[in-house]
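Residue numbers (UniProt numbering): 1 to 431.
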């Protein structure tokens with residue numbers, strides 16, 4: 001895309017039709033390409049778009065849209081890609097990533113783990129996510145490393161790649177490592193055969209200390225961690241190669257990145273050790289959200305700082321600890337899930353009066369999605385029917401693990417749903 005002056009906007013083919021349509025509309029895409037030969041989901045979307053065969057092997061594409069609006073200078077020449085951060089709420093936000101930001105972070109990421117031509121990275125995380133795009137793909141290409149590419153995570157395939165295909169770097173969200181540990185236990189494997197493996201990393205979600213210790217015991221080496229986001233084209237903090245921390249710190253600031261811990265109410269910097277909202281600035285920061293000046297203004301602060309909505313604290317040695325989120329965002333399988341998006345989908349079901357969605361932390365560092373619904377008079381909860389309804393509207397990782405019917409959602413005197421009460425109730429649910 002960059003060679004012809006176009007912006008790429010990757011979308012996960014596993015998303016629901018309504019989500020794909022929302023992204024294509026928001027991006028004002030002139031043409032949509034589908035990896036039809038590699039993905040049955042992509043082929044199904046291609047059929048909906050009446051796509052035709054492309055000159056590119058294994059690809060199909062939609063008809064060209066003559067009314068798509070080109071971008072003006074300077075964004076036209078500086079932006080390389082869009083990554084969307086939400087779905088069918090009607091207001092998906094497209095993060096504009098510049099060529100400079102992507103290349104800069106790829107170099108920083110590669111240097112943080114001494115990535116080079118001798119390395120092979122196991123690549124299964126979606127390249128439509130900043131983790132897959134920046135940390136795995138572009139950094140490997142720049143360093144001359146090889147990629148062992150897979151369409152999805154398969155524990156047996158991963159074990160084979162570690163044992164027989166020289167995989168030296170393994171990166172993924174905490175949920176990957178949790179699934180891998182469960183698979184090792186089922187097969188009675190104490191220590192996986194991985195003669196070339198020298199770097200383990202997890203990101204794109206909160207890291208549970210118990211999980212970290214289990215992974216390190218299984219592989220006999222450190223599980224590295226970091227803190228990043230799409231709006232910065234990758235990580236702003238990373239743990240150091242050769243250092244095995246006893247905690248779940250996200251490590252230290254990367255080159256040309258700054259993180260400030262601020263008072264959420266005033267925006268003033270806080271002393272070391274105090275928790276506050278994380279503000280970020282640096283070379284990797286986005287120029288803004290695509291054609292959404294209001295959303296951009298809502299997060300940008302004087303001095304070029306980006307207000308992340310995340311909560312954290314900085315220790316005296318410069319190590320960052322991310323402790324939560326000001327936003328109600330849920331992180332599941334490394335992806336951001338916005339409760340309002342799930343609630344919007346639930347509320348389209350004919351039995352639902354209104355709904356509220358919260359996250360429930362689980363041991364693997366992942367989060368379950370719990371939905372509470374207030375039913376319409378005379379309606380009863382049919383969980384199977386409701387899940388079938390959601391399958392048409394939401395990607396798998398956005399669908400609730402639990403749907404609970406309440407006679408009435410708890411509210412304060414202003415009528416606002418008390419989500420803290422619901423989060424406490426969610427913790428009492430059995431797995």
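Every residue, glycine too, gets a C-beta built ideally from N, C-alpha and C.
- In the DSSP assignment, residue 263 falls outside any alpha helix (DSSP H) and carries neither an H nor an E.
- Straight through space, the alpha carbons of residue 96 and residue 75 are spaced by roughly 9 Å.
- Secondary structure at residue 132: helix, using DSSP grouped into helix, strand and coil.
- With a threshold of 16 other beta carbon atoms within 10 Å, residue 52 falls short and is exposed.
- When the five nearest sequence neighbours on each side are left out, the beta carbons in the same chain lying within less than 6 Å of the beta carbon of residue 108 are those of 254, 255, in order along the chain.
- In the structure shown, the three-state DSSP call for residue 410 is coil.
- Assignment of residue 19 by DSSP, reduced to helix, strand and coil, places it in the helix class.
- With fewer than 16 other beta carbons inside 10 angstroms of its own, residue 265 counts as exposed.
- The beta carbons of residue 29 and residue 68 sit about 7 Å from each other, so the pair counts as a contact at 8 Å.
- Spanning the alpha carbons of residue 149 and residue 165 requires a straight line of approximately 12 Å.
- Contact between residue 203 and residue 134 is ruled out by a C-beta separation of about 11 Å, above the 8 Å threshold.
- Sequence-distant partners of residue 180 (beyond 5 residues in either direction) whose C-beta falls short of 6 Å from its own C-beta, in its chain, are 155.
- Around the CB of residue 65, fewer than 16 other CB atoms lie within 10 Å, so the residue is classed as exposed.
- Collapsing the DSSP output to three states places residue 315 in coil.
- Secondary structure of residue 367 (DSSP, three-state): strand.
- Residue pairing for residue 310: DSSP places it in a beta bridge opposite 325.
- Minimum Cα-Cα distance from residue 252 among the listed residues 224, 94, 356 corresponds to 224.
- Residue range 209-219 is occupied by the alpha helix (DSSP H) that includes residue 215.
- Out of 380, 177, 93, 153, the CA that lies nearest to the CA of residue 219 is found in 177.
- When secondary structure is reduced to three states using DSSP, residue 85 falls in the coil class, being assigned neither helix nor strand.
- Exclusion of the five residues before and after residue 287 leaves 96 as the residues of its chain whose Cβ lies within less than 6 Å of its Cβ.
- When only Cα atoms are considered, residue 59 and residue 372 end up about 41 Å apart.
- The three-state reading of DSSP puts residue 421 in helix, counting H, G and I together.
- Just measuring C-alpha positions, the residue of 49, 346, 246 sitting nearest residue 33 is 49.
- When rounded, the separation of the alpha-carbon atoms in residue 309 and residue 425 is 24 Å.
- About 7 Å separates the CB atoms of residue 401 and residue 370; that is less than 8 Å, so the two are in contact.
- In the structure shown, residue 248 adopts coil according to DSSP, grouped into three states.
- Following the DSSP letters along the chain, one finds residue 386 inside the alpha helix (DSSP H) bounded by residues 383-391.
- Taking the CA atoms as reference points, residue 270 sits about 14 Å from residue 307.
- Contact between the segment 310-322 and the segment 112-123 is absent: fewer than three C-beta pairs spanning the two stretches fall below 8 Å.
- According to DSSP, residue 200 shares a beta bridge with 170, 223.
- Under DSSP, residue 258 takes part in a beta bridge, and its partners are 281.
- Its Cα nearest to that of residue 142, the residue 106 stands out among 390, 191, 106.
- By the criterion of a C-beta distance shorter than 6 Å, residue 335 is surrounded in its chain by 397, once the five residues flanking it on both sides are discounted.
- By the 16-neighbour rule on beta-carbons within 10 angstroms, residue 207 is buried.
- For residue 237, the uninterrupted beta strand (DSSP E) segment begins and ends at 234-238.
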